[in-house]
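Chains A and B, in that order, give the protein sequences. Read in order, the letters of the first sequence are residues 0 to 360 in numbering that gives the first Met the number 0. Read in order, the letters of the second sequence are residues 0 to 221 in numbering that gives the first Met the number 0.
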Amino acid sequence: MAVDRLSLEIPDRSITVLVGPSGCGKTTTLRMINRMVEPTEGTILIDGVDSRQQPVNILRRSMGYVIQNAGLFQHRTIIDNIATVPRLLGWSKDKSRARARELMERVGLDAALAKRYPYQLSGGQQQRVGVARALAADPPVLLMDEPFSAVDPVVRKGLQDELLRIQEELGKTIVFVTHDIDEAVKIGTMVAVLRTGGRLAQFAPPAELLSSPADAFVEDFLGADRGIRRLSFFSSAGLDLLTAPIVAVDATAEQIAARADAGAPYLLVTDVDGKPLGWSEPGRLTAGRIDRGQLLSHGRPFVAGQESLRAALDCAVLSPTGWAVAVDGEGRAAGVVSQQAIGEAIRGAHEDSVGPAKVLR
Amino acid sequence: MNVLDFVSAFFSDSAHWQGYDGIPTRLSEHLGYTLEALAFAAVIGLPVGLVTGHYGRGGNALSLIATAGRALPTFGLLVLMTMLIGFGMLPVMIPLVVLAVPPILVTTYEAMRSVDPSPVDAARGMGMAETRILLQVEVPVALPLILGGLRSAAIQIVSTATIAAYVSLGGLGRYIIDGLYQRDYEKVVGGASLTAGMALATLAVFWAITKVTVSPGVRRSA
Ligand SMILES: Nc1ncnc2c1ncn2[C@@H]1O[C@H](COP(=O)(O)OP(=O)(O)OP(=O)(O)O)[C@@H](O)[C@H]1O
Ligand SMILES: [Mg+2]
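Now the structure itself:
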C-alpha cells in the first residue's frame, strides 16, 4: 500500500509542503487530491465537500497542477500552452491569450517568448511556463509535484522566491511536494514529513520542525545542520551593531586615531557615501592616502534587521577578520558585529524562542 | 538499345499520350487504386493504432496481426480472391489493403507509445478529457511518425498496385504485363519508370504534408 490512512488538514491560502524520502507516497498523496489516484478507502474533503461530488474533470480544472519537467505541450507555443485551461473552460481565444500574457508577466517571463515553442526555452523558463499554465484559470488550489527539482540551484532559488511572491500576491492554497528538506523549510507555511507508506511523521511549521523534531526519523531527515538552518527563523534585528570601528575613505588622521581603539582589532573603511570598501588594521591606514587595493575583503554583508541570524553568522564566518558587516537597505554600512556577539545573540534567541517569527531568508 | 533509349522512345511516342491506353488514363487509374487502398487501410489501421497506443494495451496482438499480414503473399491473395469472388475491384483491393494495414497499424501504435508521458499526465491533471488528450496532445506529437507509416504504406501500394493488371484491370501494370506479353520492352520499361516516378511523387507529397501539418515545435525524429 502506497499511502496508508493518512489524515491531514491542509490550511487555506498557505503553502503546505509534503516532504519525505523517495517512494514514501508524496506523489500518491498529491494525486489523490485531484483524483489522479482514487483512494481505496476514506474521503478527501475540499471546503468540507467530498471531492467525488463533482465530475472529475471539473474538479481538476479548479486545481492548478504542476509537475517535475513542466510537461509542456511541445507542439504549442508558450502562450497557447498557458491558455490551455481557459480554453478548456470555454473562454474565447482572445480572452485566453490576453490572460496568458498577463500570467507570463506574473511569473517573470519576457513577453517576447510568447510565440516560441517549449524546446526553445531553458529548463527554468519552461518551469515558469508550467506554473503560469497552472495559474491561468485562477484556481484556488495549486498542486505542485517536485516542480523545481530539475533545475540548477541558482535557478531553483529564483523560482522559489517567485513562488513565495506569487503566493503572497494571490493567496492560493498550495500543496507542494519535494524531497528537499531545505526547499520545504524555505517555502512551507506548514511542513508534513512523511515516512514510507505515507504515514505522517510530523506536521508542523518549519521553525517548529527544526527546533523540536518529533522523533529520530524526522531528526535524521532534517540533516546534521538543522541547528544552523534554524537560525534562518531568527531576525538579525536584535544584534548589537558597533558603528565606532568604521571610517570613511577621506577620514583625517585624528579620526583614524580616535577609532583605532573603538573595540575592534580592525577598522572598516567606507567610501564617501558610506558603502563598505574593506577592512584594514588601524596602523596601516594613512589619512588622505588610503589605498583601496590594500584593504581586506569584507565579503558579502547582511542587511541589518531584514536578514536572519543565519545570514549574519555566514557573513562573520566568511569574513577574513571574523567580523560581519551589516548594511542598510541602500547598501550603506550600518555597523559591524563580531562572531562572538552573534553567538551571544543566538543563545539569547534560543532561550526566548517559544514561537519564533518567520523572517525573510 | 539500353534502358534509357527505351525510356525516351516510350515517352516520345505521341500514341502513348492519348486514348484508353494512354499515360494520363493509366496514371489516373493507378492513382485511383492507390488512394482507395490507402484510404481503406488508414480507416482500419489509424483508429486501432491510435486507441491501442493511447491505452498502451494490445501491442502484442497488434504485432501478431501485422506479422501475419506481412506474411501473406500479395499475389497469392490476389489469385485466391479472384477465384473466390471473380473479376473486379474488390479482389484487387483486398490484397492491397492487407499489404498496407501492417505498416500503418504498427507505426501508429509505436508513435503513440513514444509520446512523452509527462505532457499527457499534465493534460489529464488539468482536466482534459481522454479523447481530447489523444487528439490534441498525443497525435500532434506523434504525427511525424504516423505520417511516416502512411508514407511507407502508400509507397508499397503504388508499387504493388501493378498487380491489378493481372486481373484485367487498368493502372500502370497494364504496360508492364502487356509489354511482356507483346515483347514490347519499350512499354515494359516505360511502365516501370512511371511506377517509380509515382513512388517518388508520393514521397514528395508526404514531405509536403508533413511540412504543413506538423507543428514547428515538434522535434522531428522521423
Ligand atoms: N501507479 C502505481 N501503482 C502501484 N504502486 C505505485 C504506483 N505509483 C507508485 N506506486 C508505489 O507507491 C509508493 C509511493 O510512490 P510515490 O510515487 O507516491 O512516492 P514519492 O514519495 O512521490 O517518491 P519520489 O520522491 O521518488 O517521487 C512507491 O512504493 C511506489 O512504488
Ligand atoms: Mg514523486
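The beta carbon of each residue, even a glycine, is placed where N, CA and C say it ideally should be. Just so we're clear, the structure is a prediction, and the values are computed from it rather than from any experiment.
Just curious, the beta strand (DSSP E) that residue i is in, first and last residue?
i	result
A/Ala-247	245 to 247
A/Asp-144	140 to 144
A/Gly-63	62 to 65
A/Gly-9	The residue asked about is misnamed: residue 9 of chain A is Ile in this sequence, not Gly. No beta strand (DSSP E) contains A/Ile-9, which DSSP labels as neither H nor E.
Pop quiz: residue i and residue j are said to be a contact at Cβ under 8 Å. What is the actual Cβ separation, rounded to whole angstroms?
i	j	result
A/Gly-187	A/Pro-205	5 Å
B/Ala-40	B/Val-91	That belief does not hold up - the Cβ atoms of B/Ala-40 and B/Val-91 are roughly 13 Å apart, past 8 Å.
A/Asp-144	A/Ile-77	That pair is no contact at about 21 Å.
B/Gly-148	B/Pro-102	5 Å
B/Leu-63	B/Met-111	Their Cβ separation, rounded to whole angstroms, is 18 Å, which puts B/Leu-63 and B/Met-111 out of contact at 8 Å.
A/Leu-88	A/Ala-136	6 Å
A/Cys-23	A/Arg-194	6 Å
A/Leu-209	A/Val-184	7 Å
B/Thr-33	B/Ile-156	5 Å
B/Glu-185	B/Ala-8	5 Å
A/Phe-147	A/Leu-163	Not confirmed; about 12 Å, so no contact.
A/Val-335	A/Ala-348	That pair is no contact at about 20 Å.
A/Ala-149	A/Gly-122	6 Å
A/Glu-231	A/Arg-346	The displayed chain sequence assigns Ser, not Glu, to residue 231 of chain A. Not a contact, Cβ separation roughly 17 Å.
A/Lys-62	A/Pro-138	According to the sequence displayed, residue 62 of chain A carries Met and not Lys. Right, their Cβ atoms sit about 5 Å apart.
May I ask you to check if the CB of residue i is nearer than 7 Å to at least one heavy atom of ligand 1?
i	result
A/Gly-237	no
B/Ser-117	no
A/Lys-25	yes
B/Gly-55	no
B/Ala-121	no
A/Gly-22	yes
A/Gly-41	no
A/Gly-19	yes
A/Ala-1	yes
Residue i lies in the alpha helix (DSSP H); which residues open and close that run?
i	result
A/Met-103	92 to 105
B/Val-266	An answer regarding residue 266 of chain B cannot be provided, because it is not within the stretch 0 to 221 covered by chain B.
B/Ala-22	Sequence check: residue 22 of chain B is Ile here, not Ala. Start and end: 22 to 54.
B/Thr-201	184 to 212
A/Thr-83	83 to 87
A/His-349	338 to 350
A/Lys-25	25 to 32
A/Gly-122	122 to 134
B/Pro-118	116 to 124
B/Thr-159	138 to 159
B/Ile-176	172 to 180
A/Phe-147	From DSSP, A/Phe-147 is part of no alpha helix (DSSP H); its letter is neither H nor E.
B/Val-2	2 to 11
So, is the C-beta of residue i closer than 8 Å to a C-beta in chain C?
i	result
A/Thr-172	Within the model displayed, chain C is absent; protein chains A and B are what it includes.
State yes or no: is the C-beta of residue i nearer than 7 Å to some heavy atom of ligand 2?
i	result
A/Gly-144	The sequence shown places Asp at residue 144 of chain A, not Gly. True, at least one ligand heavy atom lies under 7 Å from that Cβ.
A/Val-176	yes
Ligand 3 and residue i: does the residue's C-beta get closer than 7 Å to at least one heavy atom of that ligand?
i	result
A/Asp-290	Absence of ligand 3 is noted for the structure shown, with ligand 1 and ligand 2 being the only ligands found.
*At 4 residues or longer, and completely inside the segment 63 to 90 of chain B: list those alpha helix (DSSP H) runs for me, N to C.*
The segment 63 to 90 of chain B contains these whole alpha helix (DSSP H) runs: 73 to 84.
*Quick one: complete beta strand (DSSP E) runs, 3+ long, within the segment 211 to 287 of chain A?*
Listed in chain order, they are 245 to 247, 266 to 269 and 275 to 279.
*For the segment 149 to 205 of chain A, which segments carrying the beta strand (DSSP E) assignment without a break, of at least 3 residues, lie completely within its bounds, in sequence order?*
Here the runs fully enclosed are 172 to 177, 189 to 194 and 198 to 203.
*Report the residue ranges of all alpha helix (DSSP H) runs contained in full by the segment 294 to 332 of chain A; include only those spanning at least 4 residues, in chain order.*
The alpha helix (DSSP H) runs of length 4 or more contained entirely in the segment 294 to 332 of chain A are, from start to end of the chain, 308 to 317.
*asked:* With three or more beta-carbon pairs closer than 8 Å as the criterion, would you say the segment 322 to 329 of chain A touches the segment 295 to 310 of chain A?
replied: Yes, the segment 322 to 329 of chain A touches the segment 295 to 310 of chain A.
*Would you check if there are 3 or more beta carbon pairs closer than 8 Å linking the segment 240 to 258 of chain A to the segment 275 to 286 of chain A?*
Counting Cβ pairs under 8 Å, three or more are found: they touch.
*Indicate whether the contact test is met: 3 or more Cβ pairs, each with one atom in the segment 119 to 130 of chain A and one in the segment 44 to 60 of chain A, closer than 8 Å.*
Because the criterion of three Cβ pairs below 8 Å is not met, the segment 119 to 130 of chain A and the segment 44 to 60 of chain A do not touch.
_Under 8 Å: do the segment 132 to 141 of chain B and the segment 192 to 200 of chain B share three or more Cβ pairs, one atom per stretch?_
Contact between the segment 132 to 141 of chain B and the segment 192 to 200 of chain B is absent, because fewer than three Cβ pairs lie under 8 Å.
*Do the segment 154 to 166 of chain B and the segment 4 to 24 of chain B touch if we need at least three Cβ pairs shorter than 8 Å?*
No, they do not touch.
_Does the structure place the segment 27 to 44 of chain B close enough to the segment 174 to 191 of chain B that three or more beta carbon pairs sit under 8 Å?_
With the cut-off at 8 Å, the segment 174 to 191 of chain B and the segment 27 to 44 of chain B do not touch.
*Does the count of Cβ pairs from the segment 222 to 230 of chain A and the segment 251 to 269 of chain A closer than 8 Å reach three?*
No, the segment 222 to 230 of chain A is not in contact with the segment 251 to 269 of chain A.
*Should the segment 69 to 76 of chain B be called in touch with the segment 84 to 98 of chain B, which here means at least 3 C-beta pairs below 8 Å?*
Cβ pair count under 8 Å is three or more, so yes.
*Is the segment 101 to 116 of chain A touching the segment 33 to 42 of chain A, taking contact as three or more C-beta pairs under 8 Å?*
A contact is defined here as three or more CB-CB pairs under 8 Å, and the segment 101 to 116 of chain A fails this definition with respect to the segment 33 to 42 of chain A.
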